[in-house]
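**Student:** Going from the sequence shown to this note's numbering is simple: count from 1 and add 316.
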Amino acid sequence: MSLQQITPQEANAMMEQDKETIYLDVRTVPEYTTAHPRSALNIPVVLPDPATRKMMPNPEFLLTVEANLPKDAKIIVGCMSGGRSQFAAELLEDAGYQHIANMQGGFGGARDPMGRVIAQGWRDLGLPVEAGDGGPASYDALLQK
317 MSLQQITPQE ANAMMEQDKE TIYLDVRTVP EYTTAHPRSA LNIPVVLPDP ATRKMMPNPE
377 FLLTVEANLP KDAKIIVGCM SGGRSQFAAE LLEDAGYQHI ANMQGGFGGA RDPMGRVIAQ
437 GWRDLGLPVE AGDGGPASYD ALLQK
């Protein structure tokens, strides 16, 4: 199956219609903790390198996903604007995950080089959000499995 591209509204509708659909938030832990779609799991696809502060691929990303989600799970991948989630979705598809959708516009919306909004994000559309570490949905908890 080819990688789907969906809007935040479509993602929310999919999650409401099928409670087995998983929202995988691939933003950093601080971004996730500030606010995230309700019931989202957090597994960052990139992490800041402590020495350089540059974002680097998370070497535990795929291992953590595989430890927590079966290959036939229906997964919506989201980040802040859609770029990291596209990267993560492609990694998951290459790893054999069959039902992957990238949420365009992400949580905070996509912008053009001039800063104009070109795709509204989950938050700006008023879709259900929550804050906090997510308890069992947090990266720390999922990393332990």
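Ideal placement from N, C-alpha and C gives every residue a C-beta, glycine not left out. What you are looking at is a predicted structure, and each value in this text was computed from that prediction instead of being measured.
1) So V342 is in the alpha helix (DSSP H); what residue range does that whole segment cover?
2) Between D388 and L407, what straight-line distance do the alpha-carbon atoms span, to the nearest angstrom?
3) Answer yes if the stretch 418-431 comes into contact with the stretch 358-374, meaning at least three C-beta pairs across the two stretches below 8 Å, and no otherwise.
4) Would you decide whether S397 is buried or exposed? Buried here means 16 or more other CB atoms lie within 10 Å of its CB.
5) With a 10 Å radius around its C-beta and 16 neighbouring C-beta atoms as the bar for buried, classify S318 as buried or exposed.
6) Is the beta carbon of N358 closer than 8 Å to that of Y455?
7) What did DSSP end up calling A327 once you bin it into helix, strand or coil?
8) Expressed to the nearest angstrom, what Euclidean distance is found between the alpha-carbon atoms of L458 and P452?
**Tutor:** Based on what the coordinates show:
1) V342 -> no alpha helix (DSSP H), and no H or E assigned at all.
2) 15 Å
3) no
4) buried
5) exposed
6) yes
7) helix
8) 7 Å
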